[in-house]
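Peer 1: Basically the numbering used here = 1-based index in the sequence shown + 159. To start, I am sharing the structure in question, which I have written as C-alpha cells.
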Amino acid sequence: MTKTALTLVIIGALNWLLVGLFEWDLVTALLGGDVHRESSGLSRIVYTLVGLSGLYCIGLLFRDDIRSRA
C-alpha cells in the first residue's frame, strides 16, 4: 500500500513538474482535455518545486524501510 501511494504521488508530482516547466499536462493529454494551461509565475514555481520533490521521492521507492512496510 505504501509503495502504491508513493508511486501515485510521484506520478502526480512529475505531472506538476511538466506543468510548471512547460505548461503541459500529461495526465490531461492521456485522459483528454486541454493540455496547455496558463498559470501564474508563482503557481509555476510551486508546480516545479513539487515536481522536483517527486523526483527525489523516486529514490524512496527503493529504500529498505519503505519496502518492509509495503
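Beta carbons: idealized from backbone N, C-alpha and C, even for Gly. Just so we're clear, the structure is a prediction, and the values are computed from it rather than from any experiment.
According to DSSP, what are the bridge partners of Trp-183?
Peer 2: Residue pairing by DSSP puts Trp-183 in a beta bridge opposite His-195.
Peer 1: Let's test the definition: count the other Cβ atoms within 10 Å of the Cβ of Tyr-215 and tell me whether it reaches 16, buried, or not, exposed.
Peer 2: Using a 10 angstroms sphere on the CB of Tyr-215, the tally of other CB atoms stays under 16, which defines it as exposed.
Peer 1: Along the alpha helix (DSSP H) that carries Leu-211, what are the first and last residues, could you check?
Peer 2: 200-217
Peer 1: Tell me which residues share the same chain as Leu-165 and place their Cβ nearer than 8 Å to its Cβ, disregarding the 5 neighbours each side in the sequence.
Peer 2: Cys-216, Leu-219, Leu-220 and Ile-225
Peer 1: Under the rule that 16 or more other beta-carbon atoms within 10 Å means buried, what is Leu-180, buried or exposed?
Peer 2: exposed
Peer 1: Less than 7 Å between C-beta atoms, sequence neighbours within five positions excluded: which residues of the same chain meet that for Leu-185?
Peer 2: The beta carbon of Leu-185 lies closer than 7 Å to those of Asn-174 and Leu-177 in the same chain, with the five residues before and after it left out.
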